[in-house]
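**Student:** Below is one structure. I have some questions about it.
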Amino acid sequence: MALAEKVTSPQLCLQAQTRWRPVEIAFWLATLLPYLLFPNYLSLASQIAVTALFALSLDLILGYAGIVSLGHAAFFGVGAYTAGLLSKYGWGEPLTGLAMAALAAGIVGYATSFVICRFRHLALIMLTLGFGLLLTELANSAGWLTGGLDGLQGIHTWKLLGYFRFDLYGYAAYSYALAVLFALFLFARRIIHSPFGLSLRGIRENLIRMPAIGAPSRAHIRTIYTIAAAIAGVAGAVLAQTTETVSLDSLGFERSAEVVVMLVLGGTGRLYGGLVGAIIYMVARDQFSGVVPQYWYFWIGILLVAVVVFLPNGVLGGLAKIASRWSRP
Amino acid sequence: MSAPALSTRGLAKKFGSLVVASDIEIELPQGVRYALIGPNGAGKTTLINLITGMLRPDAGRILLDDADITMLPPDQRVRRGLVRTYQINSLFPHLTALESVTLVVCERTRAARIWWRQLPAYQHEIDEAYDILSELALAAVCHRLTRELAYGQQRLLEIALALATRPKVLLLDEPAAGVPREESKELFAAIAGLSGDITVLFIEHDMELVFRFATRVIVMVGGRVLVEGTPHEIASNPQVRAVYLGKATGKAMQEPRHG
Amino acid sequence: MLPPIFGVVFDGLAYGMLLFLLSVGQSVTLGMMNFINLAHCSFAMLGGYVTITLMSRYGWPFFATLPCAFIVAAVVSVGFERTLFRRLYRASELDQVLLTIGLVFISVAVAAYIFGTDQQPLQLPSYLRSSLTFMGLRFAVYRLILLGLALAITLALVLGIEYTRFGARVRAAVDNQRMARGLGIDVDRTFAITFALGSGLAGLGGALAIEIIGLDPSFALTYLIYVLIVVSVGGLGSISGSFAAAVVLGISDVAGKYYIPQLGAFLIYLVMISLLMWRPLGLLGRR
Chain A
657 MALAEKVTSP QLCLQAQTRW RPVEIAFWLA TLLPYLLFPN YLSLASQIAV
707 TALFALSLDL ILGYAGIVSL GHAAFFGVGA YTAGLLSKYG WGEPLTGLAM
757 AALAAGIVGY ATSFVICRFR HLALIMLTLG FGLLLTELAN SAGWLTGGLD
807 GLQGIHTWKL LGYFRFDLYG YAAYSYALAV LFALFLFARR IIHSPFGLSL
857 RGIRENLIRM PAIGAPSRAH IRTIYTIAAA IAGVAGAVLA QTTETVSLDS
907 LGFERSAEVV VMLVLGGTGR LYGGLVGAII YMVARDQFSG VVPQYWYFWI
957 GILLVAVVVF LPNGVLGGLA KIASRWSRP
Chain B
1108 MSAPALSTRG LAKKFGSLVV ASDIEIELPQ GVRYALIGPN GAGKTTLINL
1158 ITGMLRPDAG RILLDDADIT MLPPDQRVRR GLVRTYQINS LFPHLTALES
1208 VTLVVCERTR AARIWWRQLP AYQHEIDEAY DILSELALAA VCHRLTRELA
1258 YGQQRLLEIA LALATRPKVL LLDEPAAGVP REESKELFAA IAGLSGDITV
1308 LFIEHDMELV FRFATRVIVM VGGRVLVEGT PHEIASNPQV RAVYLGKATG
1358 KAMQEPRHG
Chain C
5 MLPPIFGVVF DGLAYGMLLF LLSVGQSVTL GMMNFINLAH CSFAMLGGYV
55 TITLMSRYGW PFFATLPCAF IVAAVVSVGF ERTLFRRLYR ASELDQVLLT
105 IGLVFISVAV AAYIFGTDQQ PLQLPSYLRS SLTFMGLRFA VYRLILLGLA
155 LAITLALVLG IEYTRFGARV RAAVDNQRMA RGLGIDVDRT FAITFALGSG
205 LAGLGGALAI EIIGLDPSFA LTYLIYVLIV VSVGGLGSIS GSFAAAVVLG
255 ISDVAGKYYI PQLGAFLIYL VMISLLMWRP LGLLGRR
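Chains as they are written, first to last, in my numbering: chain A, 657 to 985; chain B, 1108 to 1366; chain C, 5 to 291.
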């Protein structure tokens, strides 16, 4: 047994996981297609990018740490309103707006994480739901600040990097949203492949065992919850800046529920699940946009039942199963 | 005379009117192998839960190396070297064996707080994890998912996780439970191979293990410590035989097999 | 002359009783099988629509429709339990939440399709719409009857669970399912019956609720949140816990809206979060 063999083999195997796979590169190249193939849909594409980022942030806590949150849109909304208010009161620079939104959402996330990390199961679900609803009520009553049901008026985003203006054609908007998505995706990827990411998976796999191996699981949960909140805030800010509107539905229960549906549709704990789910969901919604809301929810309901019964690991999980069956004749 | 590795004073716990622990006083000197035996429901696993902090005692103190750890949360006790394994495997199903042990090592070295560097860069931790797995004959399967391992291998992984924390006091809850005879050879070797620096307390029903590995035996019945002594003393103690072993197995106890 | 607070408390109690009827089934089944059924209020909504249909289309008197609301909701729920829910008892919480939310969405859409999205008008006989005056305050007859009915049902439930064999089986299954099975108790059957009873009560609650909070397709979702609050605050598997939580929440909500209307629903969420943080297993929960 060569010593060199023993030393490199376990490490190599772990290293293989962190390498970029060809299908990932293909995915990101494909995100450039809208410029060529769907130039009329760039504003939709930028909304999809925003939603994908939001779903990614949820995956960090749901898919990797096992926290079922029905109130994640609270952070999206905080980020959106922060960026919107900044712009309304005179500071419309997009990149610093993003930073402020991340900070604001991160602070709210940090504060609530102290409560969140102590609970599991139904209590946890109810607490996240409660916090989300609470924030919605707050935003509703603070109409002087948020514009209430009418939404925030008077947002004007400055030119990005002093040059690119967000216009109706959407080129700048999509590029901006895509760039932010990619940058934060790289960030999330780094976290997942770090020792901290391994801890998160440990928490998801067996929370009770974690203290018994000396892991400060509550501290870990607080950290990832804060990071996820900040990323959700950035997503909200990008939406506010590119569409120049913010309204109450950016933090409502519907948005929280929708993002959970998207993530589960794509497949949790796979980093790309939220992205794939967001694409499928938003494209479908756009295609069926003529349909009355109740009937849209009818099909979402059917979809949910179908996913849970037939595709428990989402689209990506199903594809992975097919792929592994093909490679094993 | 150095302080005992682990001791408890007057530990007590009850659930409503059900007394699961009453006035438990034990002292484990450094490096000694203790076996904890008793009929089902005697409170052995409860005692381990109390010592490790999963249950809060109603009264009493727990001392690790003379330091009072009664108020410490479970993960802090692990940091100080007090570690347990579970009777029913409590592993990470979708992590590979290597990942599981590496996770424990990283938590110990506090590398687990780092989210900006990639895992493969932590060569020391990975090597240490691999070495532990090798000692337990799991090196060949280190890249398999935990849920795909054989039951005996999973039991060994339980011990690997505990060893990765570099324990000073190790509490094994029925390490051989459910392991078929064919697979138990490595398990016994692993337990035999435990370093002499580690103080071990293991709950067991398998008398062969008790005689083979334990220098002293504690007998618990109904939440209390009944008696303590060497394996032979316990075997010939009529109280123990009456309460726990019964007449039929009493004969087996009289002629311990030397493995 | 009684100060208005008595009226507020009375209204709050009546509302709380309604919440109790809607929630008690959910609490017991959650405690027994750990199965999160977010479609619980869909059965309540079903009961409401049964009453509306029987009254407006077939001219049934109000009180005659109530047992029907109960029975239809119970039967339909058992249908779902046998076919769909059973597969999910071991599934993750997320899966249970998603499947049952999916059912809620479907039920809302179906209700909108059949009955339209407007509030359903209810033609109650005039004596039910009147009120009694007592010491200067007016107490609605309907609410008095609701209070009485709910208290009678509560009494029946509590006595049933304490003194009948079935009740003992329910208590055993909630306490320790494995042990109960080991003792030979048919937990699955006990659960199915409990589930039916709980959903039936929800259906009854839905029917009784029309006069107080109205009925439209969004009922299934709106009141779900209140039910979940009652259940998580009251403690899983506890009838008395649900009762206490429902009363507290009913009174806080009505009092909050009366005295500090700007706070709106804010108060209920704040109360829930505070109570959950203090007692995460619920006021009287034991798990």
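Cβ coordinates follow ideal geometry from the N, Cα and C atoms, glycine included.
Beta-carbon of residue 113 of chain C versus every beta-carbon of chain A: anything under 8 Å?
**Tutor:** Chain A contact via Cβ: present.
**Student:** Please classify residue 1361 of chain B as buried or exposed, where buried requires at least 16 neighbouring CB atoms within 10 angstroms.
**Tutor:** The predicted position of residue 1361 of chain B is uncertain, since its pLDDT is 48 and thus under 50; no value can be drawn from it.
**Student:** With 16 other CB atoms within 10 Å as the buried threshold, where does residue 823 of chain A fall?
**Tutor:** Its Cβ having fewer than 16 others within 10 Å, residue 823 of chain A is exposed.
**Student:** Since I believe residue 710 of chain A is in contact with residue 732 of chain A (beta carbons under 8 Å), could you give me their beta-carbon distance rounded to a whole number of angstroms?
**Tutor:** The pair is a contact, with the Cβ atoms about 6 Å apart (cut-off 8 Å).
**Student:** For residue 849 of chain A, tell me which candidate among B:1165, B:1263 and B:1220 has the shortest Cα-Cα distance.
**Tutor:** Nearest of B:1165, B:1263 and B:1220 to residue 849 of chain A, Cα basis: B:1220.
**Student:** Count the other CB atoms within 10 Å of the CB of residue 18 of chain C; is the residue buried (16 or more) or exposed (fewer)?
**Tutor:** Flag for residue 18 of chain C reads buried.
**Student:** Express the C-alpha separation of residue 1117 of chain B and residue 1358 of chain B in angstroms, rounding to a whole number.
**Tutor:** Interpretation of residue 1358 of chain B is limited by its pLDDT of 46, a score under 50 that renders its predicted location unreliable; the figure taken from the coordinates is listed afterwards. Residue 1358 of chain B and residue 1117 of chain B: Cα-Cα distance of roughly 34 Å.
**Student:** Any idea what DSSP makes of residue 745 of chain A, helix, strand or coil?
**Tutor:** Of the three classes helix, strand and coil, the one that applies to residue 745 of chain A here is coil, per DSSP.
**Student:** Beta carbon of residue 1183 of chain B: closer than 7 Å to some heavy atom of the ligand HEM?
**Tutor:** With respect to the ligand HEM, the structure offers nothing, as it holds no ligand at all.
**Student:** Please list, in chain order, all residues of the same chain as residue 789 of chain A whose beta carbon is under 8 Å from its beta carbon, the five residues on each side excluded.
**Tutor:** 727 and 909.
**Student:** When the distance is taken between beta carbons, is residue 851 of chain A closer than 8 Å to residue 1157 of chain B?
**Tutor:** Their beta carbons are not under 8 Å apart, which means residue 1157 of chain B does not touch residue 851 of chain A by this criterion.
**Student:** Helix, strand or coil for residue 215 of chain C per DSSP?
**Tutor:** It is helical.
**Student:** Using beta carbons (cut-off 8 Å, strictly below), is residue 1290 of chain B in contact with chain A?
**Tutor:** No, its Cβ sits nowhere closer than 8 Å to a Cβ of chain A.
**Student:** For the alpha helix (DSSP H) containing residue 1314 of chain B, name the first residue and the last one.
**Tutor:** Unbroken alpha helix (DSSP H) run through residue 1314 of chain B: 1314-1320.
**Student:** Check whether the segment 762-771 of chain A touches the segment 923-940 of chain A, taking contact to mean three or more Cβ pairs, one atom from each stretch, closer than 8 Å.
**Tutor:** Because the criterion of three Cβ pairs below 8 Å is not met, the segment 762-771 of chain A and the segment 923-940 of chain A do not touch.
**Student:** Nearest by alpha-carbon distance to residue 1234 of chain B: which of A:959, A:942, A:681 and A:668 is it?
**Tutor:** Among A:959, A:942, A:681 and A:668, the Cα nearest to that of residue 1234 of chain B belongs to A:668.
**Student:** Below 8 Å, can you find three or more Cβ-Cβ pairs linking the segment 196-215 of chain C to the segment 43-61 of chain C?
**Tutor:** The segment 196-215 of chain C, when compared against the segment 43-61 of chain C, does touch it at the 8 Å Cβ threshold.
**Student:** Mind checking which residues open and close the alpha helix (DSSP H) that includes residue 797 of chain A?
**Tutor:** That run of the alpha helix (DSSP H) goes 777-797.
**Student:** Using only the alpha-carbon positions, how far apart do residue 155 of chain C and residue 1280 of chain B sit?
**Tutor:** Near 50 Å, if we compare the C-alpha coordinates of residue 1280 of chain B and residue 155 of chain C.
**Student:** Measuring straight from C-alpha to C-alpha, what distance separates residue 295 of chain C and residue 157 of chain C?
**Tutor:** Absent from the model: residue 295 of chain C. The displayed extent of chain C is 5 to 291, so no value can be given.
**Student:** Please list, in chain order, all residues of the same chain as residue 967 of chain A whose beta carbon is under 6 Å from its beta carbon, the five residues on each side excluded.
**Tutor:** Once the five neighbours on either side are set aside, the close Cβ partners of residue 967 of chain A are 974.
**Student:** When the Cβ atoms of the segment 881-889 of chain A are set against those of the segment 780-789 of chain A, are three or more pairs found closer than 8 Å?
**Tutor:** Flag = no, the segment 881-889 of chain A and the segment 780-789 of chain A do not touch.
**Student:** May I have the straight-line CA-CA distance separating residue 1364 of chain B from residue 1345 of chain B, to the nearest angstrom?
**Tutor:** Low confidence applies here, because residue 1364 of chain B scores a pLDDT of 46, under 50, leaving its location unreliable; read the following figure in that light. Computed Cα separation, rounded: 20 Å.
**Student:** Please return the same chain residues whose Cβ sits closer than 6 Å to the Cβ of residue 847 of chain A, not counting the five positions on each side in sequence.
**Tutor:** So the qualifying residues of the chain are 853.
**Student:** Under a three-way DSSP split, which group does residue 1114 of chain B fall into?
**Tutor:** Note: residue 1114 of chain B maps to strand in three-state DSSP.
**Student:** Could you confirm whether any beta carbon from chain A is found closer than 8 Å to the beta carbon of residue 4 of chain C?
**Tutor:** This structure cannot settle anything about residue 4 of chain C, because the visible part of chain C is limited to 5 through 291.
**Student:** Just to confirm my understanding: we take residue 1151 of chain B, look at its own chain, exclude 5 residues before and 5 after, and list those with CB closer than 7 Å. What are they?
**Tutor:** Hits under 7 Å: 1143, 1145, 1310 and 1327.
**Student:** Can you pull the chain C residues whose beta carbon is under 7 Å from the beta carbon of residue 786 of chain A, in chain order?
**Tutor:** Near residue 786 of chain A (Cβ distances below 7 Å), the residues of chain C are 273, 276 and 277.
**Student:** For residue 113 of chain C, tell me which candidate among A:949, A:761, A:729 and A:829 has the shortest Cα-Cα distance.
**Tutor:** The candidate whose alpha carbon is nearest that of residue 113 of chain C is A:949.
**Student:** Can you tell me whether residue 273 of chain C is helix, strand or coil according to DSSP?
**Tutor:** Reduced to three states, the DSSP call for residue 273 of chain C is helix.
**Student:** Would you check if the distance between the CB atom of residue 1181 of chain B and the CB atom of residue 1253 of chain B is smaller than 8 Å?
**Tutor:** Not in contact: residue 1181 of chain B and residue 1253 of chain B (Cβ atoms no closer than 8 Å).
**Student:** Label residue 130 of chain C either buried or exposed according to how many other C-beta atoms from any shown protein chain fall within 10 Å of its C-beta, with 16 as the threshold for buried.
**Tutor:** By the neighbour-count rule (16 or more Cβ atoms within 10 Å), residue 130 of chain C is not buried but exposed.
**Student:** The alpha helix (DSSP H) with residue 137 of chain C in it runs from where to where?
**Tutor:** Where residue 137 of chain C is concerned, there is no enclosing alpha helix (DSSP H), although the beta strand (DSSP E) it sits in stretches over 135-138.
**Student:** Find out if the Cβ-Cβ distance for the pair residue 1194 of chain B, residue 1284 of chain B is shorter than 8 Å.
**Tutor:** Yes; because the gap between Cβ atoms is below 8 Å, this pair is in contact.
**Student:** Would you mind telling me which residues of chain C sit closer than 8 Å to residue 1001 of chain A, beta carbon to beta carbon, in chain order?
**Tutor:** In the structure as shown, chain A starts at 657 and stops at 985, and residue 1001 of chain A therefore has no counterpart that could be examined.
**Student:** What residue range is occupied by the uninterrupted beta strand (DSSP E) comprising residue 936 of chain A?
**Tutor:** Per DSSP, residue 936 of chain A belongs to no beta strand (DSSP E); it is in the alpha helix (DSSP H), 929-943.
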